[in-house]
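Just so you know, we're using our numbering here: the sequence shown kicks off at 74 and counts up by one. We treat Cβ as the ideally placed atom computed from N, Cα and C, and that holds for glycine. The structure appears below as structure tokens.
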Amino acid sequence: MKKNYLLLLAIFLFANFAYAQQLELTKSDVPGYRAPQTTTETNDNTLVFQYCTNDIYSLNFGNYTLRAAMVIPKHIAKNFAGKQITKIHVGFGSTPASNTQVFIGESLSSSNVVYTQSASLSVSTWNEITLTTPYTITGNSDVVIGYEGTSATFRVGFDGLTIPPAEYGSYYALKSGSTYSSWYNLAEEGYYNLSIKATIVGDSFATTDISPISINTNFINVFPNEKFSLVAKISNNSASSLSSFKIKYVLGTTEIEKTVSGINLAPWSTYSVAQDFSLADEGVYNAKVVTIEANGAADDVASNDTLTALNMVEVNDYPTTPRNRNVLLEEYTGINCQYCPDGHRRANLLKSNYPGRVGVINIHQGSYAANVTPNYTTTFGNALANQTGLQGYPVGTINRHIFADGVTALNRGQWAEFSPVILASPSPVNLVAKSVVDYSTRTLTVTVNGHYTANSAAVTNLLNVAVLQDSIMGPQVSGEVYYPEMVHDGLYQHNHMLRNLLTGQWGETISTTTNGSEFTKQYVWTIPAAINNVPVNLSKLEILAFIAEGHQEIITSTQATQTIVYSSTPLLEITSAKQLVHHSADLLVKEEMSFINTSAIPVTSLEVEYNVTGATNSNNIATFNLNIASGASATVELPLFYCAGSNAANLSLTVTKINGATYAGQTFITQVSKDVTQINANKIKVEIWQDRYGSETSWKLFGTDGVSVVGSGGPYDNLTSNTTMLRTQDVNITQIGTYRFEIYDSYGDGINTIYGAGHYQLSANGTVFSTGDGRFTKQDTKYIGVNSLISAVENITKNADIQTRVENKSIFINENFENAQLFDITGRKIA
74 MKKNYLLLLA IFLFANFAYA QQLELTKSDV PGYRAPQTTT ETNDNTLVFQ YCTNDIYSLN
134 FGNYTLRAAM VIPKHIAKNF AGKQITKIHV GFGSTPASNT QVFIGESLSS SNVVYTQSAS
194 LSVSTWNEIT LTTPYTITGN SDVVIGYEGT SATFRVGFDG LTIPPAEYGS YYALKSGSTY
254 SSWYNLAEEG YYNLSIKATI VGDSFATTDI SPISINTNFI NVFPNEKFSL VAKISNNSAS
314 SLSSFKIKYV LGTTEIEKTV SGINLAPWST YSVAQDFSLA DEGVYNAKVV TIEANGAADD
374 VASNDTLTAL NMVEVNDYPT TPRNRNVLLE EYTGINCQYC PDGHRRANLL KSNYPGRVGV
434 INIHQGSYAA NVTPNYTTTF GNALANQTGL QGYPVGTINR HIFADGVTAL NRGQWAEFSP
494 VILASPSPVN LVAKSVVDYS TRTLTVTVNG HYTANSAAVT NLLNVAVLQD SIMGPQVSGE
554 VYYPEMVHDG LYQHNHMLRN LLTGQWGETI STTTNGSEFT KQYVWTIPAA INNVPVNLSK
614 LEILAFIAEG HQEIITSTQA TQTIVYSSTP LLEITSAKQL VHHSADLLVK EEMSFINTSA
674 IPVTSLEVEY NVTGATNSNN IATFNLNIAS GASATVELPL FYCAGSNAAN LSLTVTKING
734 ATYAGQTFIT QVSKDVTQIN ANKIKVEIWQ DRYGSETSWK LFGTDGVSVV GSGGPYDNLT
794 SNTTMLRTQD VNITQIGTYR FEIYDSYGDG INTIYGAGHY QLSANGTVFS TGDGRFTKQD
854 TKYIGVNSLI SAVENITKNA DIQTRVENKS IFINENFENA QLFDITGRKI A
């Protein structure tokens, strides 16, 4: 089966280079997707080390001299100490390069190499280069293996997988003048596994070998009996895939064994495992992880089975051990911003890569967020943005620190680059925050403890407490294109959204900032039901505390732990409402309501009143019998009810009884609209503005039975440039009922990307009744309710002495004719 690969464009801005790099994957017939694999070959004394498959695709970097490399990281290289690399295998791209050579380096923190050898590299094939002088692996450093060259359209080879089987297979560096840039990881841009292999020769190799290589990435400060997680990264150091392994965590006198199964951990890959703990006694604890089994048996190398992190966890109300700064990423975004979902994705990836060390605040602000519904902006956003120097969206600041160009605003490609700088910097102050949400009073109480382990650079500091909310479902331009994981039933999941700053615009002043000084601050907020008509969901709140030297430089941040206080009387919170699919030609709609039992007693029944603004039939009441435990969530489906029409109308949901007793709780406001457009027509015009790759685009119109196809179009011819072309087709309608229109993109990126702003519309009787912006993945769907097979003709044109009029669907002609024929607008004779 053949599949066309998308032509991708990514822009990278580097701190030390004043140029833009274009990455372009050649679009040609290539094999369909296969699961990740590493076809590593071994025998007793030879191993072919690789991350890639044997496929070779071309990635265009443009006119550059560059290096491309894979890495044998130190934790794996030490298992090969004394063995020799005798061959380097290069799967080169589709365009020749000059001055090509292979090389070996010993550090990702430096562009220097220790071995080079000229090599003639043929294109679109594997090249095997035998080293003149075999390289001996010391095991004391990384081993960076790759090739370099110069070309006007330099094309590296990589395997084209869309799921990364490993994290060390895709590095590159660009040459400017006589100097190479730092190494950058292509995996962060979605390109995995450069086509590079290395033959290693030596004594026998381990068949199965796993080891722990890290425990968390941060020092952990917690209160007594507070839950926290240890995250261990386990490395597969052998050429065999792992389906299961067993490890043991040791923390003080507490030991916990954990088995991970049902996985497919590729050779040379890593796997992160989290384990929850809580400790009652104050103190500083070492953390130890021991690997016990791999694939049900002890591994071949026992010397690397244990890793100990000294002084990893401190249990204390006032943490006093010095530690490094945490990152706070303030991301400026908006629901009409095309590339903002990609910013959200990168921010979440950064947070997951450094558990407990990165906080993210999504600030909806600027032209892409203003004057839209729903309104996700705050009163704080503009002042925060105005000091960043931002020039577009999405951008973010890392601790409001100036890294380049004299401003704090960084494009989304720079967040991962500069965050490690902050994470490696010592913090003069430690912060610990805890929060309590009382459901019965809707109050939030936040307590922040601070201890200075060194003098602050500023005489006074500013303490800030931000209230964020996760899982706000709403619109987002390009969500399905750039972050489809966040799209659920057509709505985008907004996370880390700023709702309030408890300490005001710039924070509360901390007057004493010298070594050994401490402070405790407490804030109480009565939580409103909604802000800007966007409900505040108590169960989805996140609290971040951070301290700054002024309005700019943020020293460090921390996420508050959360305790929930449930009500002693029946109480629940409506958390979300979602319109369900109900494709009918009437005005009836479906809705489901989700809620959480925020009381200490079970909810066994509830009564819900729901009203639609403007609907002819409203004031609906539904009763549900159920059994929802304290703290549990549930979802109920409301009986069918009438909507006001195809335009969005407000739906109010109010719980009026709980467990049979009258209840005066919150009213939840959402919007509903009929998802079937109602028309009167005997013909539908389909207009498709294709993008460059029309061969990926097609559509179908399904009849009233939902199965038969009454009209279709595409695929279309490809265009020669990134533009659009209109494709028009009429479809005759012969039955009353509900029709389904589906438009497809075989690649999965819709028809509105950098290859042309494709879109589509449906019309009848000269009136457009449904449109699509073309921003979808593989499919977009519209439903059409045809109520009658008449056109919307209101007049018949006067012609000479013939005069006509239309009354009650009848046509009157004020002349007598011996012979007359009557045609409809399609040219069909009807009388």
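Integer Cβ distance of residue i from residue j, believed to fall under 8 Å
i    : j    : result
V216 : A150 : 5 Å
T173 : Y130 : Actually they do not touch by this definition, with Cβ atoms about 19 Å apart.
Y817 : W772 : 7 Å
T854 : F814 : 7 Å
A458 : Q438 : 5 Å
P447 : G547 : 5 Å
T740 : A717 : Wrong, their Cβ atoms sit about 18 Å apart, outside the cutoff.
S703 : A673 : 5 Å
DSSP bridge partner residues for residue i (one or two, in chain order)
i    : result
N791 : DSSP, once it has assigned bridges, lists no residue as partnering N791.
K613 : K613 pairs with nothing; no bridge assigned.
I857 : T750 and Y812
Q763 : M798
T599 : T516
Q542 : M570 and L614
A312 : Beta-bridge pairing links A312 to no other residue.
K331 : I320
Pair within 8 Å by beta-carbon distance, residue i and residue j
i    : j    : result
G469 : L535 : no
S612 : T648 : yes
I273 : F176 : no
L463 : Y391 : no
S254 : S195 : no
V144 : K270 : no
S498 : L423 : no
G823 : V554 : yes
G821 : G847 : no
L338 : L303 : no
Y596 : V502 : no
I336 : P285 : no
Close Cβ partners of residue i (< 7 Å) along its chain, the five nearest in sequence each way excluded
i    : result
T327 : F350
E299 : S351 and T634
L799 : E760 and W762
Y208 : Q157, I158, I177 and Y188
I701 : N670, P675, V676 and A707
N795 : R765, I827, Y828 and G829
N872 : Caution applies to N872, whose pLDDT of 45 falls short of 50 and renders its modelled position unreliable; the value that the coordinates give is listed next. Within the same chain, N872 has no close Cβ partners at all.
I806 : A754, N755, K756, I757, V859 and L862
S167 : T99, S131, V196, S197 and R228
Cβ neighbours of residue i in the same chain (closer than 6 Å, five flanking residues each side left out)
i    : result
T533 : T582 and S584
T631 : L504, A506 and A618
T750 : S719, F842, S843 and I857
S861 : N753
A621 : L535 and I627
N600 : For clarity, residue 600 is Ile in the given sequence; the question names Asn instead. Contacts found: R515, L517 and V609.
N399 : R430, T629 and S630
N868 : Because N868 carries a pLDDT of 41, less than 50, the predicted location of this residue cannot be relied on, and the following value inherits that uncertainty. Excluding sequence neighbours, N868 sits near nothing in its chain.
K38  : A question about residue 38 goes unanswered here, because the residues of the chain that appear run from 74 up to 904.
S345 : V304 and K306
P712 : A695
H624 : W579
Limits of the beta strand (DSSP E) - the one that residue i falls within
i    : result
G786 : V782 to G786
W772 : T770 to F775
I436 : V431 to H437
K321 : L315 to L324
G164 : Q157 to G164
Start-to-end residues for the alpha helix (DSSP H) that takes in residue i
i    : result
E553 : G552 to Y555
S492 : W488 to L496
K851 : Where K851 is concerned, there is no enclosing alpha helix (DSSP H), given that its DSSP letter is neither H nor E.
G469 : Here G469 belongs to no alpha helix (DSSP H); instead the beta strand (DSSP E) covers V468 to I471.
P414 : C413 to N426
A705 : Looking at the DSSP string, A705 is not in any alpha helix (DSSP H), and its letter there is neither H nor E.
I149 : K147 to A150
Close-in-space but distant-in-sequence residues of the same chain around residue i (CB under 8 Å, 5 per side omitted)
i    : result
V638 : V509, V510, D511, Y512 and S513
N881 : Only weak support is given to the placement of N881: the predicted model assigns it a pLDDT of 45, under 50, and the value that follows is read from those uncertain coordinates. Around N881: no qualifying Cβ.
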